[in-house]
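Written below as structure tokens is the structure these notes are about.
There are 2 protein chains.
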Amino acid sequence: MTITISVFDRSPDGGKGLARDTRVRWAMEEVGQPYEVRGVSFAAMKEPAHLSRHPFGQIPTYEEGDLVLFETGAIVLHIAQNHAGLLPKEADARARAVMWMFAATNTVEPPILELANAVLLERDKPWNAERLPLVKDRVRDRLRQLSARLGDVEWLDGAFSAGDLMMVSVLLRLRASGLLDEFENLAAYVARGEARPAYQRAFAAQLALNTRM
Amino acid sequence: MTITISVFDRSPDGGKGLARDTRVRWAMEEVGQPYEVRGVSFAAMKEPAHLSRHPFGQIPTYEEGDLVLFETGAIVLHIAQNHAGLLPKEADARARAVMWMFAATNTVEPPILELANAVLLERDKPWNAERLPLVKDRVRDRLRQLSARLGDVEWLDGAFSAGDLMMVSVLLRLRASGLLDEFENLAAYVARGEARPAYQRAFAAQLALNTRM
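Chains as they are written, first to last, in my numbering: chain A, 1 to 213; chain B, 214 to 426.
The structure is reproduced here in structure tokens:
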């Protein structure tokens with residue numbers, strides 16, 4: 001059955017791979033499944049046809065027959081549950097991999113989103129210079145805890161899983177801030193994620209779309 | 214097998230039910246499973262014994278034999294996958310219920326956490342009065358979209374599910390701000406969640422613990 005993922009018609013990052021469709025593309029590449037994409041313009045994202053698929057007017061969405069999903073974490077989990085390659089078979093290890101998916105999206109990503117808001121939406125506000133260090137420290141608190149847990153192992157819990165896919169994707173958004181490089185083992189962890197052939201293919205596919213003539 | 218959930222020894226909300234253990238208690242009540250609790254003090258939350266269970270030094274955790282989980286969404290999903298009552302049986306409907314769990318934690322909750330940070334951590338900052346309306350508007354944007362999707366149905370997608378449990382729990386944190394009451398159908402949706410006998414039992418259990426002599 002054809003799987004269609006909706007993506008930015010042109011990603012606002014110009015192909016840096018930080019839009020969330022890259023996470024879904026990466027998951028599809030890890031499990032070796034083909035997919036098609038539907039580009040959605042900023043105007044179309046707020047129109048009824050897209051809102052019927054994604055009530056929050058964002059990308060990505062995932063369509064497979066009658067099933068329509070939004071929310072990146074849920075899409076990645078759906079892919080991981082239906083194809084081998086992203087979740088361990090043993091029940092407890094599987095629950096822990098899902099745990100890291102939620103940790104990425106609900107514990108590590110929120111302060112990163114707050115930092116992105118400060119940088120993008122409050123850039124011209126009079127308080128921004130004084131406030132930004134506080135927001136960065138909230139991100140550092142999380143990174144310090146994550147770094148301590150990761151230690152010197154390769155992935156968060158045994159073999160590479162959907163939990164690592166989500167965590168690496170969340171941390172990637174921090175590279176431009178310089179915060180990631182303050183934690184050597186996290187920077188190396190993210191680099192290991194990026195080095196995976198499946199990530200490389202996903203990155204190349206979004207780059208080609210977003211830099212097409 | 215005994216299931217143990219770690220909770221605040223004394224919740225900072227004094228028993229209002231907003232600490233995240235209430236979400237796990239609620240899930241356990243919906244599926245009709247007994248559980249024990251372990252109170253953890255603020256000091257103990259930062260000590261090695263607790264950090265080995267929860268690398269971010271928070272509550273709740275979930276222990277069941279050799280399995281140790283942190284992250285509320287993952288714990289609720291684990292409970293829902295292993296006991297009837299919180300997920301539909303049909304595969305597509307099940308994927309959509311999980312989608313709403315991620316939507317609650319990764320799309321609706323982040324701006325609510327940002328508002329909580331503004332109110333709790335930046336209360337005394339010189340910019341707070343001017344900045345607070347911007348942060349509230351970010352929450353409103355999400356509530357407006359959620360309200361439009363919910364419309365006049367009872368639950369987000371068919372029968373009550375773990376997706377509703379998480380969404381109601383996330384929205385509950387907004388009540389004190391008054392923002393929830395700006396959206397009549399969302400306020401009624403949250404009230405329906407609170408009226409469930411399982412929620413009532415979970416709320417009463419955390420209240421008894423947090424108001425004990």
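Positions of the beta carbon are idealized from the N, C-alpha and C atoms, including for glycine.
Length of the line joining the Cα atoms of residue i and residue j
| i | j | result |
| --- | --- | --- |
| phenylalanine 269 of chain B | leucine 345 of chain B | 27 Å |
| threonine 274 of chain B | isoleucine 216 of chain B | 10 Å |
| serine 6 of chain A | valine 168 of chain A | 21 Å |
| alanine 104 of chain A | histidine 78 of chain A | 16 Å |
| asparagine 82 of chain A | glutamine 419 of chain B | 37 Å |
| proline 197 of chain A | arginine 25 of chain A | 12 Å |
| glutamine 200 of chain A | glutamate 194 of chain A | 7 Å |
| alanine 91 of chain A | aspartate 279 of chain B | 11 Å |
| proline 261 of chain B | proline 88 of chain A | 27 Å |
| leucine 121 of chain A | leucine 18 of chain A | 17 Å |
| tryptophan 340 of chain B | proline 126 of chain A | 8 Å |
| glutamate 64 of chain A | proline 34 of chain A | 12 Å |
| alanine 361 of chain B | arginine 94 of chain A | 35 Å |
| glycine 371 of chain B | leucine 171 of chain A | 35 Å |
| leucine 347 of chain B | glycine 228 of chain B | 30 Å |
| lysine 259 of chain B | histidine 267 of chain B | 9 Å |
| arginine 38 of chain A | methionine 426 of chain B | 60 Å |
| valine 119 of chain A | glutamate 109 of chain A | 15 Å |
| asparagine 117 of chain A | methionine 101 of chain A | 22 Å |
| arginine 175 of chain A | alanine 188 of chain A | 12 Å |
| alanine 240 of chain B | phenylalanine 373 of chain B | 12 Å |
| alanine 204 of chain A | aspartate 124 of chain A | 34 Å |
| leucine 156 of chain A | arginine 192 of chain A | 12 Å |
| phenylalanine 8 of chain A | histidine 263 of chain B | 42 Å |
| threonine 72 of chain A | glutamine 145 of chain A | 24 Å |
| glutamate 182 of chain A | arginine 223 of chain B | 35 Å |
Proximity of residue i and residue j at Cβ, strictly below 8 Å
| i | j | result |
| --- | --- | --- |
| leucine 179 of chain A | valine 190 of chain A | no |
| phenylalanine 70 of chain A | methionine 379 of chain B | no |
| isoleucine 272 of chain B | valine 253 of chain B | yes |
| isoleucine 112 of chain A | arginine 173 of chain A | yes |
| glutamate 367 of chain B | leucine 299 of chain B | no |
| leucine 363 of chain B | asparagine 398 of chain B | yes |
| alanine 287 of chain B | alanine 375 of chain B | no |
| arginine 138 of chain A | glutamate 114 of chain A | yes |
Listed by chain order, chain A residues near residue i by CB distance under 7 Å
| i | result |
| --- | --- |
| threonine 320 of chain B | Phe56 and Glu71 |
| aspartate 279 of chain B | Asp92 |
Residue burial classification, residue i (beta-carbon count within 10 angstroms, cutoff 16)
| i | result |
| --- | --- |
| leucine 143 of chain A | buried |
| aspartate 365 of chain B | exposed |
| methionine 214 of chain B | exposed |
| alanine 415 of chain B | buried |
| alanine 208 of chain A | exposed |
| valine 23 of chain A | The identity of residue 23 of chain A in the sequence shown is arginine, whereas the question assumes valine. Arginine 23 of chain A should be labelled buried. |
| serine 162 of chain B | Within the shown structure, residues of chain B are numbered from 214 to 426, placing residue 162 of chain B beyond reach of any answer. |
| glycine 249 of chain B | In the sequence on display, residue 249 of chain B carries glutamate and not glycine. Exposed, by the Cβ-count rule. |
| aspartate 377 of chain B | buried |
| threonine 211 of chain A | exposed |
| proline 12 of chain A | exposed |
| lysine 349 of chain B | buried |
| glutamate 343 of chain B | exposed |
| phenylalanine 255 of chain B | exposed |
Contacts of residue i in chain B (Cβ-Cβ under 7 Å)
| i | result |
| --- | --- |
| glutamine 33 of chain A | Result: empty, since nearest Cβ-Cβ is about 16 Å, beyond 7 Å. |
| arginine 173 of chain A | In chain order: nothing, as chain B lies at least about 13 Å away. |
| alanine 103 of chain A | Glu284 |
Residue i: contacting residues in chain B (beta-carbon distance under 8 Å)
| i | result |
| --- | --- |
| proline 110 of chain A | Glu322, Pro323, Leu326 and Glu327 |
| alanine 95 of chain A | Leu280, Leu282, Ala287 and His291 |
| tryptophan 127 of chain A | Lys338, Pro339, Trp340, Glu343 and Arg344 |
Contact list for residue i against chain A, beta-carbon separation under 9 Å
| i | result |
| --- | --- |
| leucine 359 of chain B | Pro55 and Phe56 |
| arginine 362 of chain B | Leu51, Pro55 and Phe56 |
Partner residues on chain A for residue i, Cβ-Cβ distance less than 8 Å
| i | result |
| --- | --- |
| leucine 355 of chain B | Going by the sequence as given, residue 355 of chain B is arginine instead of leucine. The contacting residues are Phe56. |
| proline 330 of chain B | First, the amino acid is wrong: residue 330 of chain B is asparagine here, not proline. Ordered by position in chain A, the residues that pass the 8 Å Cβ test against asparagine 330 of chain B are Glu114 and Arg138. |
| valine 311 of chain B | Ala74, Leu77 and His78 |
Residues that residue i bridges to, as DSSP identifies them
| i | result |
| --- | --- |
| valine 352 of chain B | BP columns for valine 352 of chain B are empty, so no partner. |
| threonine 22 of chain A | Beta-bridge pairing links threonine 22 of chain A to no other residue. |
| isoleucine 216 of chain B | B:Glu277 |
| arginine 212 of chain A | Beta-bridge pairing links arginine 212 of chain A to no other residue. |
| arginine 38 of chain A | A:Ser6 |
Residue i: CB within 7 Å of a non-hydrogen atom of the ligand PLP
| i | result |
| --- | --- |
| glutamine 200 of chain A | Of the ligands one can find in the structure shown there are none, so the ligand PLP has no counterpart to examine. |
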